[in-house]
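Residue numbers (this note's numbering): 749 to 1007. As structure tokens, the structure follows; a few thoughts come after it.
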């Protein structure tokens, strides 16, 4: 990986210590049905799929079970090790690549690209989000499709709470504090994990996009026919939206010539 200034996501202990909260067993079960919903929205033409920021492989495994040829990309060794172990137990063949999403590029290799579970907008330099989208665009075949699912600005504004908490069955507690900053373009988070009487805090932030802002980013990367939804069921991105889901297509060579 190219040498860069370290950012919050480079800390492997963040993913290791918070893994039980971010990826409980039910979330893996839900990914099976959620992947079917994504496919219904995206309607990819082929079966070569890229799961960018795949984490422990929830969607990679679901797609592989559906006979997709899957490449899962993540920069975090701990998460990729989890993904590999799950794939081995399931008897699934998946290509795992340890690489930063700003660097992964495989020209015209995929029919479908996924960016799920708010795996976008991590970087201190917002321009690097555009780099990621350009790389995805180039990695898709003509007619390929990108599906994104993240916490949208409008749904977040509706439910925002400065402090939340949750407890696992083993008694571990996670206290989350949130603060909006940078003119309502980013959220700063402090998560404090309390386990066996000891507390450990993690601080991180990410960019939050409105539907229109994300659509403009996607169109700026070359995508066309960008459609927004308020959930994976295809609901309207309106007052009742719970998430920001975007489906964006890369034009075919024929449609590009027509333009």
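C-beta atoms are modelled at their ideal positions from N, C-alpha and C, and glycine is treated no differently. Predicted model, so just to flag it, every value in this text is computed and none were measured.
Quick check: the Cα distance between residue 763 and residue 901, rounded to an integer number of angstroms?
Looking at the two C-alpha atoms, the distance is approximately 24 angstroms.
Nearest neighbour of residue 862, chosen from 786, 943 and 935 [CA to CA]:
Of the listed residues, the one whose Cα sits closest to residue 862 is 786.
According to DSSP, which residues form a beta bridge with residue 764?
For residue 764, which the question treats as bridged, DSSP gives no partner whatsoever.
For the alpha helix (DSSP H) containing residue 906, list its first residue and its last residue.
901-907
Check residue 999 in the structure and name its three-state DSSP category.
Coil, per DSSP.
Between the CA atoms of residue 994 and residue 906 - distance to the nearest angstrom
19 angstroms
Who does residue 1042 pair with in a DSSP beta bridge?
The structure shown has nothing for residue 1042, since the chain only spans 749 to 1007.
CB residue 811 to CB residue 818, shorter than 7 angstroms?
yes
Taking the alpha carbon of residue 715 as the point to measure from, which residue in 835, 939, 877 and 896 has its own alpha carbon closest?
This structure gives no information on residue 715, because the portion of the chain shown stretches from 749 to 1007.
Would you call the segment 967-978 and the segment 948-957 touching, i.e. three or more CB-CB distances under 8 angstroms?
no
Answer with yes or no whether the minimum CB distance from residue 778 to chain C is below 7 angstroms.
Structure shown: chain C not included; a single protein chain is present.
According to DSSP, which residues form a beta bridge with residue 896?
Residue 896 is bridged to 863 and 994.
If you compare alpha carbons, which of 878, 871 and 886 is closest to residue 856?
The shortest C-alpha separation from residue 856 is found at 886.
Nearest-angstrom Cα separation, counted from residue 849 out to residue 880
6 angstroms
If I measure Cβ to Cβ from residue 933 and keep anything under 7 angstroms in the same chain, skipping five residues before and after, which residues do I get?
Short of 7 angstroms from the beta carbon of residue 933, and not among the five residues preceding or following it, lie these beta carbons of its own chain, in chain order: 955 and 956.
From 895, 918 and 824, pick the residue whose C-alpha is nearest to that of residue 797; which is it?
895
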